[in-house]
Amino acid sequence: MSKILALDDDIQILSIIKKALENDKHSVDILDNINKVNRGNLSKYDLILLDVMMPNTNGFDFCKEIRSIVDCPILFITAKTMDEDLTEGFAVGADDYIKKPFSLSELRARVNAHLRREKREYHNRIISDNFIFDISEKI
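Dropping the structure here:
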């Protein structure tokens with residue numbers, strides 16, 4: 001089971017997201033204000049969903065602040081849909097950008113795709129022509 005943090009100032013959207021992702025067997029924490037985030041606990045999350053337009057601060061600034069301390073995928077969910085907004089989102093560290101209004105099937109598909117990539121096994125092999133080198137083995 002993956003642990004997800006969803007941040008949005010719209011509690012109704014948060015409730016819908018929580019229910020949809022819990023149906024996919026994820027554990028979802030929801031917060032309606034970035035100031036409520038315990039930054040010391042962020043490492044426990046496998047994925048963060050983040051709105052851009054939030055009270056007191058914006059999601060772009062928050063993403064930039066936490067990107068150096070969290071390694072998980074960060075997906076923006078926002079009504080800011082201009083090309084400059086997408087570019088800024090990726091520049092501050094987002095892994096994906098979902099435009100509002102969004103379909104739950106798209107949200108679920110993107111979340112599950114990012115989580116699947118995070119769980120891939122990394123191979124310590126190099127394949128070249130007819131040779132396979134296992135760089136994890138010591139000689």
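Numbering-wise (UniProt numbering), the sequence shown opens with residue 1 and increments by one. Each residue gets a CB set at the ideal place from its N, CA and C atoms; glycine is no exception.
query, result
"Nearest CA to the CA of Arg-39: which residue from Val-92, Lys-80 and Leu-5?", "Leu-5"
"Is the separation between the beta-carbon of Ile-30 and that of Leu-14 shorter than 7 Å?", "yes"
"Measuring straight from C-alpha to C-alpha, what distance separates Ser-27 and Pro-55?", "25 Å"
"Using DSSP's beta-bridge definition, name the partner residues of Tyr-97.", "Phe-76"
"Across which residues does DSSP place Asp-29 in a beta bridge pair?", "Leu-5"
"Mind listing, in chain order, the continuous alpha helix (DSSP H) runs of no fewer than 4 residues lying wholly within the stretch 9-58?", "11-23"
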